[in-house]
Amino acid sequence: MQTILIADSHKLCREALCDYIRHAGNNITIYTTGHYKELQEMVRDVPPPDLVIIDEDLAGMEENGHDLDRLQIADSSKIALIVTNAYDRARLPSLVVGAFPKTLSCKAFMAGIQDMLAGQMFFPEFVPLTEYPYGISNKKHTQELALTAREREVLTYLVKGASNKDIARALDLQVVTVKLHVR
Numbered sequence: 074m075q076t077i078l079i080a081d082s083h084k085l086c087r088e089a090l091c092d093y094i095r096h097a098g099n100n101i102t103i104y105t106t107g108h109y110k111e112l113q114e115m116v117r118d119v120p121p122p123d124l125v126i127i128d129e130d131l132a133g134m135e136e137n138g139h140d141l142d143r144l145q146i147a148d149s150s151k152i153a154l155i156v157t158n159a160y161d162r163a164r165l166p167s168l169v170v171g172a173f174p175k176t177l178s179c180k181a182f183m184a185g186i187q188d189m190l191a192g193q194m195f196f197p198e199f200v201p202l203t204e205y206p207y208g209i210s211n212k213k214h215t216q217e218l219a220l221t222a223r224e225r226e227v228l229t230y231l232v233k234g235a236s237n238k239d240i241a242r243a244l245d246l247q248v249v250t251v252k253l254h255v256r
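Position in the sequence shown (first residue = 1) + 73 = the numbering used here.
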């Protein structure tokens, strides 16, 4: 029997993930927690889980600088992050073997769990929109967004922190036109 530990501040999310995993018919024991401090205790007290799924916004993570190395998770355990924003795989802690964007379908989520429990990594493509604790992807995967070519150009500059005026100059546009593409 395999075990999964889910750490998410939101009870609704924890319960939904548990229900979905159980509904998939897998013979998996699931533990849950809603706080980083409790997660630290659980990884020491429960038998080493096969997979630890941690929401990047887990309560208490910020105070610990998003440092997953402090968890002292068993070498046999794998860590996956639930991410809201873009991530740079190179900047993720070495313990992390997968990432679940919150935009992921339930079917893809289960495929990722199965991959990681089988010893594989799971890093689906993700559209970079903003920087978060683990960095921003340097890949341009904007096909998932319903944006025009010009909007993608403007987005590229926005992600770099350019002002509307800077973008207008760079793309030879009026500031009002840039504002239309930003909305």
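Just so you know, even glycine gets a beta-carbon here, dropped at the ideal spot from N, CA and C.
Item, Value
"Terminal residues of the beta strand (DSSP E) in which residue 173 lies", "169-174"
"Residue 98 classed as buried or exposed, judged by whether at least 16 other C-beta atoms fall within 10 angstroms", "exposed"
"Alpha-carbon to alpha-carbon, residue 196 and residue 113", "25 Å"
"Delimiting residues of the beta strand (DSSP E) encompassing residue 240", "Premise fails: residue 240 lies in the alpha helix (DSSP H), 237-244, not in any beta strand (DSSP E)."
"Interface flag, residue 168 vs chain C, CB-CB below 9 Å", "This model lacks chain C altogether; it includes just one protein chain."
"Test item: CB-CB of residue 102 and residue 79 under 9 Å", "no"
"Contacting residues, own chain, Cβ-Cβ under 6 Å from residue 128 (five flanking each side not counted)", "81 and 155"
"Chain-order list of residues whose beta-carbon lies under 8 Å from that of residue 237 (same chain, five-residue window excluded)", "248, 251, 252 and 255"
"Simplified DSSP state of residue 81, which is helix, strand or coil", "coil"
"Residue 182, DSSP secondary structure in three states", "helix"
"Nearest-angstrom Cβ-Cβ length linking residue 146 and residue 169, presumed shorter than 8 Å", "Not a contact, Cβ separation roughly 11 Å."
"heavy atom of the ligand ATP below 8 Å from residue 168 C-beta", "You won't find the ligand ATP in this model; it holds no ligand whatsoever."
"Sequence-distant residues of the same chain with beta carbon closer than 8 Å to residue 185, five excluded per side", "153, 171, 173, 177, 195 and 197"
"Closest Cα partner of residue 150 within the set 243, 227, 85 and 191", "191"
"Nearest residue (CA-CA) to residue 123, options 241, 222, 226 and 189", "189"
"Residue environment, residue 85, which counts as buried when at least 16 other CB atoms sit within 10 Å", "exposed"
"Cβ shell of residue 109 (< 8 Å), same chain only, five flanking positions each side left out", "80, 131, 132, 133, 134, 136 and 137"
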